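The numbering of the sequence shown is my numbering, which starts it at 19 and goes up by one. C-beta: ideal position from N, C-alpha, C; glycine also. Since the model is a prediction, treat every value here as computed from it, not as a measurement. In what follows, a single structure is set out as structure tokens and then discussed.
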Amino acid sequence: MADIPAPLALLALLGLAAFGLALLWLTALAIAQLAALAWWIAVHTARLVTTRRARPAEDQQEPGTAGPVLWLACHTPRCGHMQTAHTPDAAGTGLWVCPGCHRTVTTQ
């Protein structure tokens, strides 16, 4: 076998090292971009899950009700676990009654 001259061997070794470093840099860049994408998806999913829909003021009169209404979460399958307009109970105990499922809730 013929020996490769030292300058050419060094040049080949330098080229191989540059290629290896470029490959390492591209891999690190790809991993960083995937991590940024995963973070973006997590943040925007959390924002979509925790964003509440707009609701009217608490003392606003709901059509068909006799008194003030308070928009409270109604955790029943019938009401769909959504915030619904609750009216004060007739006994005046501080409880609020859901007109959809007739369950009472407190504001505390």
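Subject >> Three CB pairs or more closer than 8 Å across the region 86 to 95 and the region 113 to 126 >> reply: The region 86 to 95 is in contact with the region 113 to 126.
Subject >> Residue range of the alpha helix (DSSP H) that includes A108 >> reply: Working through the sequence shown from its first residue, we reach residue 108 at position 90. Looking at the DSSP string, A108 is not in any alpha helix (DSSP H), and its letter there is neither H nor E.
Subject >> Among A60, A53, P86, A46, the one whose alpha carbon lies nearest that of G110 >> reply: As a first step, residue 110 is located in the sequence shown; it is residue number 92 there, counting from the start. With distances taken between Cα atoms, G110 lies closest to P86.
Original post:
In its own chain, which residues sit with a C-beta less than 8 Å from the C-beta of P117, not counting the 5 before and 5 after it?
Top reply: Taking the first residue of the sequence shown as 1, we reach residue 117 at position 99. So the qualifying residues of the chain are T83, T102, A103, H104, T105.
Original post:
Which value, in whole angstroms, describes the spacing of the CA atoms of D21 and L52?
Top reply: Counting from 1 along the sequence shown, the entry for residue 21 is found at position 3. Counting from 1 along the sequence shown, the entry for residue 52 is found at position 34. Cα-Cα distance, rounded: 45 Å.
Original post:
Between the beta-carbon of W114 and the beta-carbon of L88, is there less than 8 Å?
Top reply: Along the sequence shown, one-based indexing puts residue 114 at 96. Along the sequence shown, one-based indexing puts residue 88 at 70. Between W114 and L88, the C-beta gap is smaller than 8 Å, which places the two residues in contact.
Subject >> Cutoff 7 Å; reference R96; Cβ partners in own chain excluding five residues on either side >> reply: Walking along the sequence shown from the start, residue 96 turns up at place 78. Correct list, in chain order: G118, C119.
Original post:
Between which two residues does the alpha helix (DSSP H) carrying L113 extend?
Top reply: Counting from one through the sequence shown, the residue named residue 113 turns up at place 95. Segment: none, L113 is in no alpha helix (DSSP H) and carries neither H nor E.
Subject >> Element boundaries [alpha helix (DSSP H), containing H62] >> reply: Counting from 1 along the sequence shown, the entry for residue 62 is found at position 44. It spans 24 to 68 - the alpha helix (DSSP H) in which H62 sits, taken as one unbroken run.
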